[in-house]
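Residue numbers (the numbering used here): 28 to 195.
The C-beta atom is built at its ideal place from N, Cα and C for all residues, glycine as well.
What you are looking at is a predicted structure, and each value in this text was computed from that prediction instead of being measured.
Structure below.
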């Protein structure tokens, strides 16, 4: 791992500690319905769910439909994991790696400063392009109808319940 990767990883780890970033990520997880061990199709509360995984040495691959590779807490696809994980020198799919990649996504789509400031409405249009279960903003649906999404007010409720502060 080169110095640039190490620095980027350290920056992302520091961002994980920011209360608004942590809250935004928790709200994404609520919207996406993910868990660190979820493949696409896993259901919260189901005990012996075959769409959960235990091997975090790599991305788990396709879920219930045999095609969709969204997995983990933030429903990160295999190509996204390969791109951002490769850029950061990450090779596993552990919970910490999932968190670091989610932060990297927020940085790459240009919303990390908005999230840190608590400008959720400002961050949503770009975040909704990455996470299909997010609305595009207040009073708006998601970008991928007819996929299920969390209304904006519910996202904000999850964000504030997780300790996030809204822009004044």
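Is DSSP giving residue 103 helix, strand or coil here?
-> Walking along the chain shown from the start, residue 103 turns up at place 76. Note: residue 103 maps to strand in three-state DSSP.
Contacts around residue 149, its chain only, beta-carbon distance under 7 Å, and the 5 residues preceding and following it disregarded | One-based indexing of the chain shown puts residue 149 at position 122. 141.
Among 42, 50, 32, 41, which residue has its Cα nearest to the Cα of residue 190?
-> If you number the chain shown from 1, residue 190 lands on position 163. For the residues 42, 50, 32, 41, the minimum Cα distance to residue 190 belongs to 50.
Distance, Cα to Cα, residue 58 vs residue 160?
-> On the chain shown, position 31 is the one that residue 58 refers to. On the chain shown, position 133 is the one that residue 160 refers to. If you take the alpha carbons of residue 58 and residue 160, they lie about 6 Å apart.
Is the distance from the Cβ of residue 128 to the Cβ of residue 111 below 7 Å?
-> Here residue 128 is taken as the residue at index 101 of the chain shown, counted from 1. Here residue 111 is taken as the residue at index 84 of the chain shown, counted from 1. Result yes, Cβ atoms of residue 128 and residue 111 sit closer than 7 Å.
Look up residue 160 in the DSSP assignment and give the residues it is bridged to.
-> Residue mapping note: residue 160 aligns to position 133 of the chain shown, counting from 1. BP columns for residue 160 are empty, so no partner.
Residue 79, buried or exposed, once every other Cβ within 10 Å from all chains shown has been counted against 16 | For the purposes of this step, residue 79 is taken as the residue at position 52 of the chain shown. It counts as buried.
Could you tell me how far apart the beta carbons of residue 115 and residue 32 are, in whole angstroms, since I believe they sit closer than 8 Å?
-> Counting from one through the chain shown, the residue named residue 115 turns up at place 88. Counting from one through the chain shown, the residue named residue 32 turns up at place 5. Indeed, because the Cβ distance is near 6 Å, the residues count as touching under 8 Å.
Evaluate the contact criterion for the region 80-88 versus the region 97-109: three or more CB pairs, one atom per stretch, below 8 Å.
-> yes
Closest Cα partner of residue 61 within the set 138, 42, 90, 48 | Residue mapping note: residue 61 aligns to position 34 of the chain shown, counting from 1. Checked all of 138, 42, 90, 48; the closest Cα to residue 61 is 90.
Residues bridged to residue 65 (per DSSP) = Looking up residue 65 in the chain shown gives position 38. Residue 65 is bridged to 79.
What residue from 121, 81, 125, 156 has the CA that sits closest to residue 138's CA?
-> Taking the first residue of the chain shown as position 1, residue 138 is located at position 111. Measuring from the Cα of residue 138, the nearest candidate turns out to be 156.
Take residue 46 as the anchor and find which of 120, 168, 144, 171 has the nearest alpha-carbon.
-> Start at 1 with the first residue of the chain shown, and residue 46 comes out as number 19. Out of 120, 168, 144, 171, 144 has the C-alpha closest to the C-alpha of residue 46.
Going straight from the alpha carbon of residue 187 to that of residue 193, what length do you get?
-> As a working mapping, residue 187 is identified with position 160 in the chain shown. As a working mapping, residue 193 is identified with position 166 in the chain shown. Cα to Cα, the separation comes out at about 8 Å.
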